[in-house]
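Inspection log for the structure reproduced underneath, given as structure tokens.
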Amino acid sequence: MNNNETSRYDSKPDIYYTVKDWCRHPFIMAAMVCFFCISITIEGKLPLFNAAIPVLIFFFSGIFVCLYIIHRDKLQKKKTVKAALYGACAFLSLVFGYVLSMSNKPQLVILFTGIVIAISAAIYLFSTRQMTTKKFIFLMLVLGFLIRLAYIMTITIYRKQHDAGSIEEMDGHLGYIAYILNNASLPDFDVREVYQFYHPPLHHIIAAIWVKIQSIMGISQDYVWENIQILTLFYSCCCMILSYKLFRKLGLDGNGLCAAMAVVIFCPTFIILSGSINNDILSVTFMLGALVNTLYWYESRSFKRIICIALCVGLGMMTKLSVWMVTPAIAFIFIYVFFKNLKDIKKYIAQFAAFLGICAPLGLWWGIRNLISHGVPITYVMELPETSQQYVGNISIARRLFDFNPMQFENVGDQFTMYDGKYNEYNPLVALFKTSCFDELFTVKNYPMVDGWDKLLFWSAVIVGIVGFIAMIYVFVNDKTMNVIHKIFIGIIYGVIFISYYVFCIQFPHVCTENIRYAVPLIVIGGFFFGKAKNLLANSKMKNQYITYAAETCLIEFIFMYSCASVIFYYHIFAA
């Protein structure tokens, strides 16, 4: 170790480097934090946590005071910095009484305390000019985690779920998990006979093992099932981390990276999926993992990365068959690299053989097993009858695709006549935006206190989506800074998922199929191009810089409005 290294390590406490080393393993950190949350969710209340709130508030206030004292020589007599730091401390102290008044709602205590601490930390970092892109994103990630934790503490495994079914009646996703847990085996009958049992079993196997582990730990049966949401919380956290890695590999940085991450972190879809006990969020996690590892492999061409891709795709299809949608983009990268490096043909044939040898068995064994044993088609999807109240196949395809009647926006919640809606939602694009904000049941009818906030959230989401789409077209056509292969890669992903979503909506014409949960990666891609638009404007060489500055400011305001509207909307849901 040289002198510089010695002085570097001597100048800071050991805990600084311990924390820094742990941060290099974000998935392990996320797993540990989520596991810790069992202690919060077991009782559904936080007696010790609530008692510690005053101590925590003043402790963090003291931290900011101490930081100011440490840096006072650097800051000298800058009045604005002093005011900001003292303001942060005062802000923390003022919320003391308000936080205590919410002690009967532990999810609000957690969320509100996190917001206060994050805002105060941001004030300090901006005031002392220590704020960086990574620190800002870290603060957003903390808030994103706390919102998701508050969500799973609010929503049970039987409320606001998709196809959850029942443990007692042994159907739906809960019944599937219970069957595996009770029998220690997979279904040995025609999976079409029981609701939702046709899905590949990885998520349900993991959940069953998790329930069993908790039972061995002595946790009450009521809570071991609720704590399946700890798994989905972890998967949603992994999606935030993978989105960050994906954006960085695609060359996004600075304020654009912050904007893109804000889209993912505060998007209601990822919040809702963090508490959804079906297989949706795990499949999305594997899809993002496959894309990230493909970009790593494109750079390194290493055997390790192609194994990671194979595992992500194979295990993803063992979770939900729709993970296949990332394979055309991955195949493009494979083919491109192969023909660009024909001199290393043996190396790539070996790698591709390993990929197929891992991916194909993992992804297809379930479908082949059911096909051989009971004649179930590999691509089987349960179909609702035309007599269903959700059926919209009586509406022409042209109208479903191109009708944007203002009537559809009078109520921005997803419309079901079976839930007393005025009509059945029929336009897949409109439904895509509506369900990305509110899923199916987070509506003004069910939660009157969100009136107004729902419209702000919906229209800000529409604006962010439109900006992202326009930026995508511009980047594909005019932007010379982005790698061409990356452009094609992202373009294939977007095209396959978007087209597949529309085909799915037309092939199965029911309101429930018009849901963002069948096209979640579009949110991540839209976030990337929104961030790209921000950076393109920042680097623009237009003669009239005032126009550029105004446009850039508008983008910041849009993403700020979207993020705040999302937090405030779901804050009201938690408080209901």
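Here my numbering is used: the first residue of the sequence shown is 2, the next is one more, and so on. We treat Cβ as the ideally placed atom computed from N, Cα and C, and that holds for glycine.
Under 8 Å between C-beta atoms of residue i and residue j
i: isoleucine 282; j: threonine 233; result: yes
i: alanine 291; j: phenylalanine 529; result: no
i: phenylalanine 267; j: serine 564; result: yes
i: methionine 326; j: leucine 363; result: no
i: alanine 165; j: tyrosine 159; result: yes
i: phenylalanine 287; j: threonine 320; result: yes
i: glycine 527; j: glycine 466; result: yes
i: leucine 538; j: threonine 549; result: yes
i: glutamate 393; j: tyrosine 427; result: Sequence inspection shows valine at residue 393; the glutamate mentioned does not correspond to that position. Yes. Within cutoff.
i: serine 244; j: leucine 187; result: no
i: leucine 147; j: glycine 115; result: yes
i: valine 568; j: valine 285; result: no
i: aspartate 455; j: valine 445; result: yes
i: phenylalanine 235; j: alanine 31; result: yes
i: phenylalanine 410; j: valine 468; result: no
i: lysine 533; j: valine 476; result: yes
i: tyrosine 448; j: leucine 112; result: no
i: lysine 435; j: glycine 422; result: no
i: isoleucine 398; j: isoleucine 474; result: no
i: proline 429; j: glutamate 515; result: yes
i: leucine 657; j: alanine 576; result: For the chain, the structure presents residues 2 to 577; residue 657 sits outside this window and is missing.
i: histidine 511; j: leucine 385; result: yes
i: isoleucine 273; j: aspartate 440; result: yes
i: threonine 155; j: isoleucine 500; result: no
i: valine 497; j: leucine 247; result: no
i: valine 192; j: aspartate 172; result: no
i: glycine 1; j: methionine 562; result: Residue 1 is absent from the structure shown; the chain starts at 2 and stops at 577.
i: threonine 134; j: aspartate 254; result: yes
Where residue i falls: helix, strand or coil (DSSP)
i: isoleucine 560; result: helix
i: histidine 205; result: helix
i: glutamine 391; result: coil
i: histidine 511; result: strand
i: aspartate 223; result: helix
i: serine 501; result: helix
i: aspartate 172; result: strand
i: asparagine 51; result: In this prediction, asparagine 51 scores a pLDDT of 42, lower than 50, which makes its location untrustworthy; no coordinate-derived value is stated.
i: serine 186; result: coil
i: serine 275; result: coil
i: serine 167; result: strand
i: cysteine 268; result: coil
i: leucine 385; result: coil
i: phenylalanine 575; result: helix
i: isoleucine 153; result: helix
i: isoleucine 396; result: coil
i: phenylalanine 580; result: Missing from the structure shown is residue 580; the chain here goes from 2 to 577 and no further.
i: valine 195; result: coil
i: threonine 549; result: helix
i: threonine 380; result: coil
i: threonine 554; result: helix
i: tyrosine 17; result: Caution applies to tyrosine 17, whose pLDDT of 44 falls short of 50 and renders its modelled position unreliable; the model cannot decide the point.
i: glutamine 131; result: coil
i: asparagine 256; result: helix
i: histidine 200; result: coil
Start-to-end residues for the alpha helix (DSSP H) that takes in residue i
i: phenylalanine 335; result: 328-341
i: proline 362; result: 346-375
i: threonine 482; result: Neither: threonine 482 is in no alpha helix (DSSP H) and is coded neither H nor E.
i: asparagine 294; result: 281-301
i: phenylalanine 28; result: 27-37
i: serine 121; result: 107-128
i: alanine 311; result: 304-318
i: proline 522; result: 522-539
i: methionine 241; result: 229-250
Rounded distance between the beta-carbons of residue j and residue i, thought under 8 Å
i: isoleucine 269; j: serine 437; result: Correcting the residue identity first, residue 269 is proline in this sequence and not isoleucine. With a Cβ gap of about 7 Å, proline 269 and serine 437 count as contacting.
i: valine 212; j: isoleucine 178; result: 7 Å
i: isoleucine 359; j: glycine 315; result: 6 Å
i: isoleucine 181; j: isoleucine 206; result: 6 Å
i: alanine 330; j: isoleucine 494; result: 5 Å
i: isoleucine 334; j: phenylalanine 490; result: 6 Å
i: cysteine 513; j: glutamine 391; result: 6 Å
i: histidine 163; j: asparagine 279; result: 5 Å
i: arginine 149; j: serine 277; result: The pair is not a contact, with the Cβ atoms about 11 Å apart (cut-off 8 Å).
Distance cut-off 7 Å: residue i Cβ against heavy atoms of the ligand NAP
i: histidine 26; result: Absent from the structure shown: the ligand NAP. Ligands present: none.
- Query: Which parts of the segment 405-474 are runs of the alpha helix (DSSP H), unbroken and 4 residues or longer, counting only runs that do not cross its ends?
  - Reply: The qualifying runs are 429-439.
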